[in-house]
Amino acid sequence: MNPRATPTIVFIDDHIDESRVLIIELSIKYGSENIKTFEKASAGFEYIRSHLDRKMIVLLDLMFHGVPEGLNAFDKIVKETSLICVILRSGQIESIDKSQLIKLINNHAWHLIKTDASIEETLSVVENANQQLSMRVDGAIEEWIMRHSPEEREALFEN
Numbered sequence: 010m011n012p013r014a015t016p017t018i019v020f021i022d023d024h025i026d027e028s029r030v031l032i033i034e035l036s037i038k039y040g041s042e043n044i045k046t047f048e049k050a051s052a053g054f055e056y057i058r059s060h061l062d063r064k065m066i067v068l069l070d071l072m073f074h075g076v077p078e079g080l081n082a083f084d085k086i087v088k089e090t091s092l093i094c095v096i097l098r099s100g101q102i103e104s105i106d107k108s109q110l111i112k113l114i115n116n117h118a119w120h121l122i123k124t125d126a127s128i129e130e131t132l133s134v135v136e137n138a139n140q141q142l143s144m145r146v147d148g149a150i151e152e153w154i155m156r157h158s159p160e161e162r163e164a165l166f167e168n
């Protein structure tokens, strides 16, 4: 099976237990094997960096125990790739610093939703991200490249 056909949903939040129902719903829709959960932003980022060959949607909490680890993880993610959708979650959107908000917008955060958004709303945002990933030209090119071995990719540029 093509690893890019169904997205991997990476859920990074220090309060995973509070989102169990959402995670179950995502598992039903996308398959439990495609849902990866991390309570530490650094572990989630390492997973993302190690699996850049997959179609990926990230649900990322902005604050971890009052520290903006999610913002730091977002910065690291967009430095690695712009080909995944990062959906940011926050319990207090109105308290996000304006300069941070500008940075998120300029670095192409896909969506910003409240942590307590309904499951239906969150699933809709994830599905929209999935559709956009499927339609993006850069994503299609990346998928084509990833279907070829490193040797085949190098051969394309030898002539």
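For the sequence shown, our numbering begins at 10 and goes up steadily by one.
All residues carry an ideal CB built from backbone N, CA and C; glycine is no exception.
Note that the coordinates shown come from a computational prediction; the quantities given were computed from them, not determined experimentally.
Original post:
Is L69 helix, strand or coil when you go by DSSP?
Top reply: strand
Original post:
Between A82 and F54, what straight-line distance do the alpha-carbon atoms span, to the nearest angstrom?
Top reply: 6 Å
**OP:** With DSSP collapsed to three states, give me the class of S170.
**Re:** In the structure as shown, the chain starts at 10 and stops at 168, and residue 170 therefore has no counterpart that could be examined.
**OP:** With a cut-off of 8 Å on the beta carbons, I'd call E42 and I25 a contact; round off their distance for me.
**Re:** With a Cβ gap of about 18 Å, E42 and I25 do not count as contacting.
**OP:** With a threshold of 16 other CB atoms inside 10 Å of the CB of G100, please say whether the residue is buried or exposed.
**Re:** exposed
Original post:
Alpha carbon to alpha carbon, how far is S158 from E167?
Top reply: 15 Å
Original post:
Which term fits K107, buried or exposed, when burial requires 16 or more other beta carbons within 10 angstroms of its beta carbon?
Top reply: exposed
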